[in-house]
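Mapping of the sequence shown onto full-length UniProt numbering: position 325 corresponds to residue 325, and the numbering continues sequentially without gaps.
Each remark here refers to the structure printed beneath this line.
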Amino acid sequence: MLIQVGELARRAGMTVRTLHHYEQTGLLMPSARSAAGYRLYNLAAVQRLHMIKALAQAGLELATIKDHLDRDSLSLSDLLVQQIATLDTQLRTISTLRERLVTLRDALGGGNEPDLESWLQTLELMKMYDRWFSPQELQGLPFAEQDEQRNQVWLALVAEVRELIGEGCPEDDPRAMALATRWMERLEQDTAGRPEFLTRLNEMHAAEPQMRAQTGITADVIDYITRAFAQSKLVIWARYLDADELAFTREHYFDRLMEWPVLVTQLHQACRDRLDPASDAGQVLARQWLALFQSYAGTSPATQQKFRVAMEREPHLMKGTWMTPEVLSWLQQAIGVMMTQARAPASR
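Here's what the structure looks like:
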């Protein structure tokens with residue numbers, strides 16, 4: 001299989017002029033030319049380009065990269081080992097690149113050499129993640145690591161969702177709710193428990209058609225999982241709420257659902273910044289949380305207490321919330337201050 005210069009440039013996130021320059025300097029030569037004279041590249045050329053980009057990101061000059069790659073005695077795997085050792089002594093921003101090189105080295109060493117399309121998809125994913133996340137963020141984002149085992153887990157999850165959708169399986173079916181729970185648990189794990197990564201990934205999936213094509217995580221898949229996971233919580237709340245209360249929650253649960261990740265991100269940041277829960281900024285967050293909570297729980301104190309009891313007794317309700325014990329403790333303090341201030345005028 002051969003790929004034309006224009007497509008290679010597009011998928012690798014560089015210009016055709018850059019590839020022409022690489023050819024002129026002998027750094028990357030076309031594998032062949034078409035009858036019309038277009039430059040064509042094969043698997044070996046794409047592998048070499050992958051190494052060129054990786055070594056350039058590590059700070060090596062193009063002449064040095066060419067010297068390394070042209071050595072017949074130095075294999076691709078050996079070169080990766082050398083560069084990994086070098087990267088270990090460099091700035092933290094390079095560590096994400098190191099993980100990519102480790103993955104490629106292991107794949108080569110295990111005899112599981114990626115095909116041309118796999119190399120091209122890796123280049124595309126690297127380009128997309130680099131656009132949406134800083135080097136420091138990529139270091140802490142498991143999703144950005146080129147981990148074949150993780151990729152297979154997600155492909156299997158997507159396939160299960162597609163199968164249930166194809167069967168017409170309703171979101172409140174036990175199979176759908178169980179799958180949605182596994183999905184959310186894995187998602188929280190692969191975003192390192194950081195809600196800001198979740199919101200950024202959602203934005204990236206919405207804006208990048210190629211990301212949706214490669215992962216299979218499309219809008220209908222996300223909607224199905226979201227609704228099935230909500231049903232898994234509604235089943236629990238049904239054991240604590242009366243018929244009218246449950247009907248209100250069912251009707252309004254999705255009204256402001258997409259606002260939660262942003263607020264939870266702000267709560268995490270407040271904890272990292274050691275923000276005083278009683279401060280003006282802390283109270284703004286407490287009021288925002290109360291408004292979102294009341295949007296589906298209502299304003300009745302008795303009903304709200306039922307939700308609190310359920311949250312204390314039912315571990316499942318905390319799944320997929322990205323709420324750590326530290327963040328929850330901070331929020332409880334902020335809400336406590338808010339409630340005390342609300343009662344103060346009546347106590348005079």
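Backbone N, C-alpha and C define an ideal beta-carbon position, used for all residues, glycine too.
Because the structure is a prediction, the values reported are computed rather than measured.
Nearest residue (CA-CA) to Glu23, options Arg48, Ala36, Ala35 and Ala342: Along the sequence shown, read from residue 1 onward, the residue named residue 23 stands at position 23. The candidate whose alpha carbon is nearest that of Glu23 is Arg48.
Which of the three DSSP states is assigned to Arg39 in this structure? Position 39 of the sequence shown, counted from the first residue, corresponds to residue 39. In this structure, Arg39 counts as strand in the three-state DSSP scheme.
Give me the DSSP bridge partner(s) of Arg33. As a position in the sequence shown, residue 33 is number 33, starting the count at 1. The partner list for Arg33 (beta bridge, DSSP) reads Arg39.
Measure the C-alpha to C-alpha separation of Asp242 and Ile236 and round it to an integer number of angstroms. In the sequence shown, counting from the first residue as 1, residue 242 sits at position 242. In the sequence shown, counting from the first residue as 1, residue 236 sits at position 236. Computed Cα separation, rounded: 12 angstroms.
Under 8 angstroms, with one C-beta from each stretch per pair, do the region 267–275 and the region 304–319 reach the 3-pair mark? no
Can you name, in chain order, every residue of its own chain whose Cβ lies under 7 angstroms from the Cβ of Met323, other than the five neighbours on each side? For this step, residue 323 is matched to residue 323 along the sequence shown. Here the set comprises Val264.
Is Ser31 near Tyr41, with beta carbons less than 7 angstroms apart? By one-based count along the sequence shown, residue 31 stands at place 31. By one-based count along the sequence shown, residue 41 stands at place 41. Contact: yes.
I think Leu164 touches Leu187, with their Cβ atoms under 8 angstroms apart; what is that distance to the nearest whole Å? Working through the sequence shown from its first residue, we reach residue 164 at position 164. Working through the sequence shown from its first residue, we reach residue 187 at position 187. Their Cβ separation, rounded to whole angstroms, is 17 angstroms, which puts Leu164 and Leu187 out of contact at 8 angstroms.
If Val158 and Ile217 are in contact, beta carbons under 8 angstroms, what's the gap, nearest whole angstrom? One-based indexing of the sequence shown puts residue 158 at position 158. One-based indexing of the sequence shown puts residue 217 at position 217. So it is a contact: roughly 6 angstroms between Cβ atoms.
Using only alpha-carbon positions, find the residue among Glu7, Ala9, Ser295 and Gln283 that is nearest to Arg250. For the purposes of this step, residue 250 is identified with residue 250 of the sequence shown, where counting begins at 1. Residue Ser295 is the option with its Cα nearest to Arg250.
For Gln231 versus Glu160, is the C-beta spacing smaller than 7 angstroms? Here residue 231 refers to the residue found at position 231 of the sequence shown. Here residue 160 refers to the residue found at position 160 of the sequence shown. Going by C-beta atoms, Gln231 is not nearer than 7 angstroms to Glu160.
Between Asp70, Ala176, Ser300 and Val46, which has its C-alpha nearest Gln4's C-alpha? Residue numbering aside, residue 4 sits at position 4 when the sequence shown is read from its first letter. Answer by Cα proximity: Val46.
Output the distance between the C-alpha atoms of Cys169 and Trp183, rounded to the nearest integer angstrom. On the sequence shown, position 169 is the one that residue 169 refers to. On the sequence shown, position 183 is the one that residue 183 refers to. So the two alpha carbons sit approximately 17 angstroms from each other.
Around the C-beta of Thr89, are 16 or more other C-beta atoms found within 10 angstroms, so that it is buried, or is it exposed? In the sequence shown, counting from the first residue as 1, residue 89 sits at position 89. Legend: pLDDT at Thr89 = 46, less than 50; position of this residue unreliable, no value from coordinates given.
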